[in-house]
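Worksheet: one structure, shown below.
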(Lines of atoms letter the chains of each structure in order from A and count residues from 1; the text may use other names and numbers.)
(Lines give C-alpha, C1' and ligand atoms only; values in the text may rest on other atoms or scores of the structure.)
Protein backbone atom coordinates (compact mmCIF):
# COMPACT_ATOMS: atom_id res chain seq x y z
CA UNK A 1 0.00 0.00 0.00
CA UNK A 2 1.64 3.26 -1.06
CA UNK A 3 2.15 6.02 1.47
CA UNK A 4 -0.75 8.48 1.19
CA UNK A 5 1.39 11.50 1.98
CA UNK A 6 3.83 10.74 -0.83
CA UNK A 7 1.10 10.39 -3.43
CA UNK A 8 -0.37 13.85 -2.83
CA UNK A 9 -0.07 16.35 -5.61
CA UNK A 10 1.68 19.59 -4.84
CA UNK A 11 -0.49 22.65 -4.38
CA UNK A 12 -0.62 25.26 -7.08
CA UNK A 13 1.22 28.06 -5.35
CA UNK A 14 3.51 30.74 -6.74
CA UNK A 15 6.47 29.47 -8.71
CA UNK A 16 9.99 30.03 -7.48
CA UNK A 17 10.82 33.72 -7.41
CA UNK A 18 7.19 34.84 -7.71
CA UNK A 19 5.05 36.27 -4.95
CA UNK A 20 1.39 35.55 -4.39
CA UNK A 21 -0.96 38.51 -4.37
CA UNK A 22 -1.92 39.47 -0.84
CA UNK A 23 -5.57 38.74 -0.24
CA UNK A 24 -7.51 41.38 1.67
CA UNK A 25 -7.83 40.66 5.38
CA UNK A 26 -11.44 40.41 6.49
CA UNK A 27 -11.87 40.62 10.23
CA UNK A 28 -14.77 41.04 12.60
CA UNK A 29 -13.68 44.62 13.22
CA UNK A 30 -13.87 45.39 9.50
CA UNK A 31 -17.63 44.75 9.50
CA UNK A 32 -19.93 47.79 9.60
CA UNK A 33 -21.05 49.10 12.99
CA UNK A 34 -24.64 48.18 12.16
CA UNK A 35 -23.61 44.51 11.94
CA UNK A 36 -21.81 44.76 15.30
CA UNK A 37 -24.95 46.19 16.91
CA UNK A 38 -27.17 43.53 15.32
CA UNK A 39 -24.90 40.74 16.55
CA UNK A 40 -24.65 42.21 20.06
CA UNK A 41 -28.46 42.26 20.36
CA UNK A 42 -28.53 38.48 19.88
CA UNK A 43 -26.15 37.77 22.77
CA UNK A 44 -27.13 36.64 26.24
CA UNK A 45 -26.03 38.78 29.18
CA UNK A 46 -22.64 37.16 30.02
CA UNK A 47 -21.59 37.09 26.36
CA UNK A 48 -22.69 40.69 25.79
CA UNK A 49 -20.77 41.75 28.88
CA UNK A 50 -17.63 39.98 27.63
CA UNK A 51 -17.93 41.60 24.20
CA UNK A 52 -18.56 45.00 25.76
CA UNK A 53 -15.30 44.81 27.70
CA UNK A 54 -13.26 43.77 24.64
CA UNK A 55 -12.41 47.33 23.57
CA UNK A 56 -13.67 50.91 23.58
CA UNK A 57 -15.57 50.44 20.32
CA UNK A 58 -17.75 47.67 21.72
CA UNK A 59 -18.01 49.35 25.13
CA UNK A 60 -19.93 52.17 23.51
CA UNK A 61 -22.12 49.87 21.36
CA UNK A 62 -23.16 46.89 23.46
CA UNK A 63 -26.14 47.27 25.79
CA UNK A 64 -25.82 45.28 29.02
CA UNK A 65 -28.53 47.01 31.02
CA UNK A 66 -30.86 45.66 33.67
CA UNK A 67 -33.39 44.38 31.12
CA UNK A 68 -30.85 42.05 29.48
CA UNK A 69 -29.63 40.78 32.85
CA UNK A 70 -33.15 40.14 34.14
CA UNK A 71 -34.08 38.34 30.92
CA UNK A 72 -31.03 36.11 31.33
CA UNK A 73 -31.75 35.43 35.01
CA UNK A 74 -35.39 34.57 34.30
CA UNK A 75 -34.36 32.19 31.53
CA UNK A 76 -31.79 30.48 33.75
CA UNK A 77 -34.32 30.18 36.56
CA UNK A 78 -37.00 28.74 34.26
CA UNK A 79 -34.54 26.07 33.16
CA UNK A 80 -33.65 25.31 36.80
CA UNK A 81 -30.02 26.25 36.15
CA UNK A 82 -27.70 27.85 38.65
CA UNK A 83 -26.84 31.48 38.20
CA UNK A 84 -24.54 33.80 40.02
CA UNK A 85 -23.67 37.43 39.90
CA UNK A 86 -21.06 37.97 37.21
CA UNK A 87 -17.99 39.33 38.93
CA UNK A 88 -16.75 42.64 37.70
CA UNK A 89 -17.44 46.29 38.04
CA UNK A 90 -20.38 46.86 35.77
CA UNK A 91 -22.44 43.79 36.47
CA UNK A 92 -22.53 44.25 40.24
CA UNK A 93 -22.21 47.99 40.76
CA UNK A 94 -24.78 49.23 38.23
CA UNK A 95 -27.43 46.61 38.89
CA UNK A 96 -29.53 46.96 42.02
CA UNK A 97 -30.27 43.46 43.42
CA UNK A 98 -33.67 44.70 44.63
CA UNK A 99 -34.59 45.57 41.03
CA UNK A 100 -33.63 42.08 39.89
CA UNK A 101 -35.67 40.45 42.66
CA UNK A 102 -38.66 42.67 41.89
CA UNK A 103 -38.47 41.78 38.21
CA UNK A 104 -38.13 38.08 39.03
CA UNK A 105 -41.07 38.16 41.42
CA UNK A 106 -43.29 39.75 38.75
CA UNK A 107 -42.50 36.97 36.30
CA UNK A 108 -44.85 36.29 33.41
CA UNK A 109 -48.19 38.08 33.60
CA UNK A 110 -50.15 34.83 33.77
CA UNK A 111 -48.17 33.13 36.56
CA UNK A 112 -46.08 35.07 39.10
CA UNK A 113 -42.74 33.64 40.17
CA UNK A 114 -42.14 33.22 43.88
CA UNK A 115 -39.46 35.59 45.26
CA UNK A 116 -36.01 34.17 45.90
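In this note's numbering, the protein residues as written are 2 to 117.
Heads up, the beta-carbon is just placed ideally off N, CA and C, and yes, glycines get one too.
Note that the structure is predicted; figures quoted are calculated from it, not measured.
Backbone secondary structure at residue 40 - three-state DSSP: As a first step, residue 40 must be located in the chain shown, where it is residue number 39. If DSSP states are grouped into helix, strand and coil, residue 40 belongs with the helices.
Enclosing alpha helix (DSSP H) for residue 52 [first to last residue]: The residue you call residue 52 lines up with position 51 of the chain shown. That run of the alpha helix (DSSP H) goes 46-53.
query: CB-CB under 7 Å to residue 38, same chain, minus the five flanking residues each way: which ones, in chain order?
result: Here residue 38 corresponds to residue number 37 of the chain shown, with the count starting at 1. Cβ neighbours of residue 38 within its own chain (closer than 7 Å, five residues either side excluded): 62.
message: For residue 72, tell me which candidate among 42, 58 and 34 has the shortest Cα-Cα distance.
response: Position 71 of the chain shown, counting from 1, holds the residue named residue 72. Ranking 42, 58 and 34 by Cα distance to residue 72 puts 42 first.
message: Please list the terminal residues of the continuous alpha helix (DSSP H) segment that includes residue 60.
response: Looking up residue 60 in the chain shown gives position 59. Start and end: 57-62.
Residue 84 versus residue 50 - alpha carbon distance: Within the chain shown, residue 84 is the residue found at index 83, counting from 1. Within the chain shown, residue 50 is the residue found at index 49, counting from 1. Distance between the alpha carbons of residue 84 and residue 50 is about 15 Å.
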